[in-house]
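Numbering (this note's numbering), first residue to last: 26 to 256. Working notes, beginning with the structure itself.
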């Protein structure tokens, strides 16, 4: 067990990550064809169907997702914010996004503080969430394929992490429905990184620009309204 106050999981938070070498979800085909990757939706369904587990924690997901834990968890924490959620949800889900995107920006292996990493939920509830989310994820995966490799190289992934960090901070702002576009942009970028699809990285950048422009417009209108009110 980790010592008191130690960050989780066991990966050294200061070490560099090499997504290409650590991602074991790429399987070499027996006929010598290009490696085939197990889709995230299939992998998450397998985890949800594992009846040997009573509960699943964030640490469990970090370990099970291995080399794609950062992008995978970015997607898992961002996706619920695309849909209308109870007030305050974006603040709860946004904090892990800040940690993970910051580490992606630095090219570090993912780690989370104990108070986040030890959060868990019953496997049945996780399975219900995956059952609702998997159809959307499977449809997206059909459109994804490895392309434009320069946009999924390590430096490009770090730049995507910096963009996700800015989006994560915006997502946490208490702006009604202001979390939806940032969450959508993070989800698209995470999928692009997961499937090494540079076209989706481009799409994520475009949605991010739109999200920043919209949030800036809302903030500008708010302060302009205050100025007029007290003028």
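Virtual Cβ for every residue (Gly too), placed ideally from N, Cα, C.
Pairwise C-alpha distance: residue j and residue i
i	j	result
residue 100	residue 255	42 Å
residue 217	residue 237	20 Å
residue 92	residue 183	15 Å
residue 185	residue 250	34 Å
residue 162	residue 213	11 Å
residue 137	residue 89	15 Å
residue 159	residue 148	16 Å
residue 95	residue 122	9 Å
residue 166	residue 241	32 Å
residue 231	residue 181	15 Å
residue 54	residue 199	Legend: pLDDT at residue 54 = 40, less than 50; position of this residue unreliable, value from coordinates given subsequently. Cα to Cα, residue 54 sits roughly 48 Å from residue 199.
residue 72	residue 227	30 Å
residue 171	residue 219	10 Å
residue 70	residue 155	7 Å
residue 133	residue 253	46 Å
residue 131	residue 66	27 Å
Nearest-angstrom Cβ-Cβ length linking residue i and residue j, presumed shorter than 8 Å
i	j	result
residue 87	residue 135	6 Å
residue 144	residue 83	5 Å
residue 81	residue 140	Contact doesn't hold; Cβ gap of about 17 Å is too wide.
residue 117	residue 209	Residue 117 to residue 209, Cβ: 18 Å. No contact.
residue 206	residue 239	6 Å
residue 192	residue 211	5 Å
residue 119	residue 168	The Cβ separation is near 27 Å, so there is no contact.
Residues that residue i bridges to, as DSSP identifies them
i	result
residue 66	Per DSSP, none; premise fails for residue 66.
residue 74	Answer is none; residue 74 lacks a bridge partner.
residue 81	146
residue 172	222
Residue i, enclosing alpha helix (DSSP H) - first and last residue
i	result
residue 139	139-142
residue 212	205-219
residue 255	Looking at the DSSP string, residue 255 is not in any alpha helix (DSSP H), and its letter there is neither H nor E.
residue 179	179-196
residue 92	Premise fails: residue 92 is in no alpha helix (DSSP H) and is neither H nor E.
Contact test: residue i Cβ vs the ligand NAP heavy atom, cutoff 6 Å
i	result
residue 168	The ligand NAP is not among the ligands present in this structure, which contains no ligands whatsoever.
Terminal residues of the beta strand (DSSP E) in which residue i lies
i	result
residue 146	145-147
| Do the stretch 204-224 and the stretch 171-178 touch if we need at least three Cβ pairs shorter than 8 Å? | yes
| said: Does the contact criterion of 3 or more C-beta pairs under 8 Å hold for the stretch 124-135 versus the stretch 242-251? | reply: no
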